[in-house]
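Numbering-wise (this note's numbering), the sequence shown opens with residue 98 and increments by one.
Backbone N, C-alpha and C define an ideal beta-carbon position, used for all residues, glycine too.
Since we're looking at a predicted model, the values are computed, not measured.
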Amino acid sequence: MPEFIQASPTLAATGLCHPPSCLGTMSLLKQQPALMTKTSIFLLLWHIYVGCVNINMDRVQQLIMIVLEFKAYGKLDQFTAIDEALRTVQFIRNKCLRLWIDGLGMSQYDLNKYCAVLAHEFPFADKLNSMARQAAAERAWSAIASFYDNCKKKVAGLKGFPKFQKDNRSVEYKTSGWRLADDRKSITFTDKKGIGRLKMKGTRDLNFYQPDQIKRVRLVKRASGYYVQFCIQVDRSELIEPTHRTIGLDVGLESFDTDSLGTKVENPRFYRTGEKKIGRSQRLVFRKVKGSSNRRKARIKLARVYLKISRQRKDRAIKLARCVITSNDVVVYEDLRIKNMVKNHCLAKSINDAGWYQFRVWLEYFGKVFKRVTIAVNPAYTSQECSGCGVIVKKSLSTRTHVCQCGCVLDRDHNAGINILNSGLGTVGHTGTFALDVNNAWGDKPSTLIGENLSGQGMSRSQESSDYTNRSRSVFSERDATRTERETACGESV
Ligand SMILES: [Zn+2]
98 MPEFIQASPT
108 LAATGLCHPP
118 SCLGTMSLLK
128 QQPALMTKTS
138 IFLLLWHIYV
148 GCVNINMDRV
158 QQLIMIVLEF
168 KAYGKLDQFT
178 AIDEALRTVQ
188 FIRNKCLRLW
198 IDGLGMSQYD
208 LNKYCAVLAH
218 EFPFADKLNS
228 MARQAAAERA
238 WSAIASFYDN
248 CKKKVAGLKG
258 FPKFQKDNRS
268 VEYKTSGWRL
278 ADDRKSITFT
288 DKKGIGRLKM
298 KGTRDLNFYQ
308 PDQIKRVRLV
318 KRASGYYVQF
328 CIQVDRSELI
338 EPTHRTIGLD
348 VGLESFDTDS
358 LGTKVENPRF
368 YRTGEKKIGR
378 SQRLVFRKVK
388 GSSNRRKARI
398 KLARVYLKIS
408 RQRKDRAIKL
418 ARCVITSNDV
428 VVYEDLRIKN
438 MVKNHCLAKS
448 INDAGWYQFR
458 VWLEYFGKVF
468 KRVTIAVNPA
478 YTSQECSGCG
488 VIVKKSLSTR
498 THVCQCGCVL
508 DRDHNAGINI
518 LNSGLGTVGH
528 TGTFALDVNN
538 AWGDKPSTLI
548 GENLSGQGMS
558 RSQESSDYTN
568 RSRSVFSERD
578 ATRTERETAC
588 GESV
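See the structure below:
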């Protein structure tokens, strides 16, 4: 019974239905058929009904999209066909954008309808699978929607007016246009683009998943070749023992992060170390004649260097985030706006290099998987405030030690870590408490919507980890995953 409570807190919290008792009732009925009265049948059905509803609610909360990636192997003409499909996607996206700019397509529905018109007009667009065409139009719409969104929020500066794309590197299929082989080691694209059957190699096994769990399939072109990605909806959650530890993280440039206990994690600076290599490859590119095939080859080499660095960074972010989440129950970090910080030109390279954003996305992802609390707090004054007495002690970026009148002498980042932790613990919590919920005081309605309560109480300073199902979907339909860091932000791709 204790394990059961741990496994599904919402279910246990409702107190309405206990599946073990349901099972008990059932076995009892089997033994003594005479007990099968109308009342008991009704009670049984009621238990099952309530139980199912609750179980489903629990499940919905844990559904997560993961992205599995495989390298594709095929013949040269197959890759040419993929390139052709990539160009078609770009064409449709840009055409849709043009329609919107000209004021002829004002909604997503208009753009989707326009796909059929394009297919009718251009034979090469007709060859692409219809759902892939729709996905291309959706990309145009997501660019437009984020522009509208920025305007509505009155974001300072540029609002990100959608641009025409010229370097598309991915094509997205939904549930049709492809067929997995029985051994799931190869995939056949069945639309008229002529991509055909591609062999796939990767470290993950697709046999663990049902075909209907695969929501989208995508072909991605990278400097190192072509890849097939599967976006799979899974019920991903893991049970671990509580660690009885809380932690506040202060990210910095000197060390990647410093926690509230004063432990520092060194900054790997992949970019800085890879800089030499990049410089060399870059010079090789510039030495070659423009437009020559030697230059093209050199450019591919350069792209591979960048690719390696981005993979190293991602790998580290995942491992570190997983480690932090599994060794703490509550993780608090700053809600940093990297975009604004990068504007400081001197720090831009180091900030981008550190990959904080990626780290944070993975923190929140693992927080969801391992059911740990992640809190993002307002970064204001975290490094200036004294963790001992609360007085603001002004210091510049170069002052590395915090010295306060109250006698508190700490490392600058250590002090910030403590402040962040305190701030996080002060803003979140009190879910389902009697004082805040009148219904609960009478014991009528148990609070099942834990997430809702939290975000309601946390106000602007707290942020519950967002809904990954939605987020990964939006990430997946993003313009070009190959270059953005968020690429497989919510999926554990290989
Ligand atoms: Zn002080």
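Whether residue i touches residue j by CB criterion (8 angstroms)
{"i": "GLU269", "j": "PHE467", "result": "no"}
{"i": "LYS387", "j": "ALA395", "result": "no"}
{"i": "GLY521", "j": "CYS501", "result": "no"}
{"i": "LEU358", "j": "ALA418", "result": "no"}
{"i": "ASP347", "j": "THR479", "result": "yes"}
{"i": "VAL382", "j": "LEU399", "result": "yes"}
{"i": "ILE329", "j": "ILE163", "result": "yes"}
{"i": "SER273", "j": "ASN226", "result": "yes"}
{"i": "LEU175", "j": "GLN262", "result": "At residue 175 the sequence reads Gln, which differs from the Leu that was named. No; because the gap between Cβ atoms is not below 8 angstroms, this pair is not in contact."}
{"i": "TYR170", "j": "LEU295", "result": "yes"}
{"i": "PHE431", "j": "ILE292", "result": "The amino acid at residue 431 is misidentified as Phe; the sequence shows Glu. Not in contact: GLU431 and ILE292 (Cβ atoms no closer than 8 angstroms)."}
{"i": "THR355", "j": "HIS499", "result": "no"}
{"i": "ILE397", "j": "GLY464", "result": "no"}
{"i": "ASN247", "j": "GLY257", "result": "yes"}
{"i": "ALA237", "j": "ARG190", "result": "yes"}
{"i": "LYS593", "j": "ARG313", "result": "The displayed coordinates of the chain run from 98 to 591. Any statement about residue 593 would go beyond what the structure contains."}
{"i": "ARG333", "j": "GLN159", "result": "yes"}
{"i": "LYS289", "j": "LYS224", "result": "yes"}
{"i": "ARG371", "j": "ILE344", "result": "For the sequence presented, residue 371 should be read as Gly rather than Arg. No, Cβ-Cβ distance for GLY371 and ILE344 is not below 8 angstroms."}
{"i": "SER352", "j": "VAL362", "result": "yes"}
{"i": "PRO365", "j": "LEU433", "result": "no"}
{"i": "GLY200", "j": "CYS193", "result": "no"}
{"i": "ARG230", "j": "ALA253", "result": "no"}
{"i": "LYS374", "j": "VAL331", "result": "no"}
{"i": "PHE66", "j": "LEU165", "result": "For the chain, the structure presents residues 98 to 591; residue 66 sits outside this window and is missing."}
{"i": "VAL488", "j": "THR524", "result": "no"}
Residue i: CB within 7 angstroms of a non-hydrogen atom of ligand 1
{"i": "GLN481", "result": "no"}
{"i": "GLY514", "result": "no"}
{"i": "GLN502", "result": "yes"}
{"i": "GLY359", "result": "no"}
{"i": "CYS486", "result": "yes"}
Cβ-heavy atom distance, residue i to ligand 2, below 7 angstroms
{"i": "VAL506", "result": "Absent from the structure shown: ligand 2. Ligands present: ligand 1."}
Tell me whether the stretch 313 to 323 and the stretch 166 to 182 touch, counting them as touching only if at least three CB pairs, one residue from each stretch, are closer than 8 angstroms. Three or more beta-carbon pairs drawn from the stretch 313 to 323 and the stretch 166 to 182 are found closer than 8 angstroms, and the two stretches are therefore classed as touching.
Hey, which unbroken runs of the beta strand (DSSP E) at 3 residues or more fall wholly within the stretch 240 to 298? Fully enclosed beta strand (DSSP E) runs of 3 or longer: 267 to 270, 275 to 277, 283 to 286, 293 to 298.
At a cut of 8 angstroms, does the stretch 504 to 519 reach the stretch 407 to 420 through at least three beta carbon pairs? No contact exists between the stretch 504 to 519 and the stretch 407 to 420.
Please list the segments of the beta strand (DSSP E) lying wholly inside the stretch 450 to 500, counting only runs of 3 or more residues, in order along the chain. Taking only runs of at least 3 residues, the beta strand (DSSP E) segments lying wholly in the stretch 450 to 500 are 470 to 474, 498 to 500.
The stretch 207 to 222 touching the stretch 298 to 308, judged by at least three CB pairs closer than 8 angstroms: They do not touch, by the three-pair rule.
The stretch 459 to 474 contacting the stretch 418 to 431, beta-carbon criterion three pairs below 8 angstroms: Yes, they touch.
Along the chain, which unbroken stretches of the beta strand (DSSP E) at least 3 residues long are found entirely within the stretch 357 to 427? Considered as a whole, the stretch 357 to 427 harbours 361 to 363 as its complete beta strand (DSSP E) runs of no fewer than 3 residues, in chain order.
Does the stretch 231 to 241 touch the stretch 279 to 296, meaning 3 or more C-beta pairs lie closer than 8 angstroms? No contact exists between the stretch 279 to 296 and the stretch 231 to 241.
Taking the runs of the beta strand (DSSP E) that are 3 residues or longer, which of them lie wholly in the stretch 158 to 223? You should have 160 to 170.
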